[in-house]
Amino acid sequence: MRELVVLGTASQVPTRTRNHNGYLLRWDGEGLLFDPGEGTQRQMVHAGVPAGSITRICLTHVHGDHCFGLPGVLSRMVLDGVEHPVHLHYPAAGEEVVRALVSVATPGTDLRLHPHGAAGTVAPHLEVRPLRHRVETFGYRLVEPDGRTLLPRRLAGAGISGPDVGRLQREGNLRGVRLEDVSVRRPGQRFALVMDTAPCPGAEELADGADLLVAEATFADDDAALAARHRHLTAGQAGELAAAGRAGTLVLTHFSSRYADVTPLAEQARARAGDATVLAAQDLDRFGLPRRRPAGATRERT
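As numbered in the numbering used here, residues 505 to 806 make up the sequence shown, in order.
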């Protein structure tokens with residue numbers, strides 16, 4: 505299963521209908537919880553998300569609306585008897601805050617801390633890029649490796665069938681036939697999360713080629729001066745980010761409490777998002793990602 509569960513969509517101040525941040529990405533056998541703000545544990549109950557499904561927790565930065573729910577989530581994992589390791593990724597500059605939050609959680613979780621301070625790969629297929637906010641902030645990107653889609657007609661023409669197909673995939677060459685000769689490249693799927701930031705190269709790198717891009721849209725375009733002052737994106741800037749990266753779907757979130765209706769923000773993003781599908785997230789929304797075909801799958805191409 506590949507699915508994004510939106511646990512909260514408010515920015516600094518929650519509202520009657522919007523909880524603080526929280527995003528759970530189910531990606532095959534992993535559960536990545538991004539930016540658990542205050543109230544995340546309760547939102548997980550509403551969403552039917554068990555604490556045991558979480559394998560990694562990723563903090564973009566240590567402002568409260570992105571991390572104050574961490575102790576509750578960790579305590580719930582202890583209560584539920586979660587035994588597997590939980591990896592916590594966060595900016596190194598937030599070490600003191602993270603340690604304080606972890607210290608007030610119920611002890612017993614096999615929690616493994618992974619601070620990072622520069623762009624790079626922080627776990628298998630999980631990358632970070634620096635963003636431009638008021639404190640050290642990083643966005644996250646999950647990248648599936650590219651695969652190959654086998655072409656049955658070419659396999660038949662090359663006289664390769666049965667167990668030899670698997671051997672060709674493993675070795676890349678069989679009796680003079682290369683894997684590239686009987687297959688086409690299948691691009692891996694990409695998920696990106698861009699939270700509190702002004703426009704910057706790091707955000708652009710994260711959005712590049714994203715099948716699903718989750719981006720903050722804290723302010724409307726009319727409040728661009730406020731966005732610049734606080735180093736946030738407007739809805740239109742989020743749309744531009746999706747267009748520049750040729751993202752497939754843009755999910756807007758992290759809305760200021762000043763906007764009771766975020767429909768105009770979605771329209772502003774849509775006007776500048778190019779071919780991307782633009783959706784304004786509501787708490788407890790779910791967005792599915794189509795699973796890529798396994799490396800051994802076949803599909804005829806002409």
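Glycine included, each C-beta is placed from N, C-alpha and C at the ideal position. Since this is a predicted model, take the numbers as computed values, not measurements.
Cα-Cα separation, residue i to residue j
i      : j      : result
Ala784 : Arg690 : 29 Å
Gly552 : His593 : 24 Å
Gly556 : Met581 : 6 Å
Thr519 : Ser761 : 6 Å
Leu659 : Gly680 : 13 Å
Glu600 : Gly621 : 14 Å
Gln673 : Glu507 : 29 Å
Leu730 : Phe759 : 13 Å
Gly666 : Glu675 : 15 Å
Ser579 : Thr757 : 27 Å
Glu744 : Ala728 : 14 Å
Gly512 : Asp650 : 32 Å
Residue i - containing alpha helix (DSSP H), residue span
i      : result
Thr767 : 767 to 775
Ala719 : First-last for Ala719: 716 to 720, but that is the beta strand (DSSP E), not the alpha helix (DSSP H).
Ala742 : 739 to 749
Arg580 : 574 to 583
Val606 : 599 to 607
Glu675 : 667 to 675
Neighbour flag for residue i against chain B, beta carbons, 8 Å
i      : result
His550 : No chain B appears in the structure shown, which is made up of a single protein chain.
Where residue i sits in the DSSP three-state scheme
i      : result
Val517 : coil
Val686 : helix
Val553 : coil
Ala780 : coil
Glu709 : helix
Arg733 : helix
Thr753 : strand
Glu507 : strand
Ala660 : helix
Leu528 : strand
Spatial neighbours of residue i in its chain, beta-carbon cut-off 6 Å, leaving aside the 5 residues before and after
i      : result
Thr625 : Glu631
Thr753 : Leu716, Thr781
Gly778 : Ala747
Arg797 : Confidence at Arg797 is low in this model, with a pLDDT of 41, below 50, so its placement is unreliable and the value that follows should be read with caution. Counting only Cβ-Cβ distances below 6 Å, and skipping sequence neighbours, we find nothing.
Host beta strand (DSSP E) of residue i (start-end)
i      : result
His593 : 590 to 595
His629 : Per DSSP, His629 belongs to no beta strand (DSSP E) and is neither H nor E.
Anticipated Cβ contact below 8 Å, residue i with residue j, distance rounded
i      : j      : result
Leu615 : Val590 : 5 Å
Val509 : Leu536 : With 8 Å as the limit, Val509 and Leu536 do not qualify as a contact, their Cβ atoms being about 11 Å apart.
Cutoff 8 Å; reference residue i; Cβ partners in own chain excluding five residues on either side
i      : result
Ser687 : Arg652, Thr653, Leu654, Leu655, Arg658
Gly573 : His524, Gly526, Pro540, Gly541, Glu542, Gly543, Thr544, Gln545
7 Å Cβ shell around residue i - same chain, five flanking residues per side excluded
i      : result
Thr806 : Legend: pLDDT at Thr806 = 23, less than 50; position of this residue unreliable, value from coordinates given subsequently. If we look at Thr806 and ignore the five residues flanking it on each side, it has no Cβ neighbours.
Gly713 : Arg694, Gly749, Arg750
His618 : His591, Leu592, His593, Val626
Residue i Cβ short of 7 Å to the ligand PLP heavy atom set
i      : result
Gly706 : The ligand content of the structure shown is nil, which means the ligand PLP is not present either.
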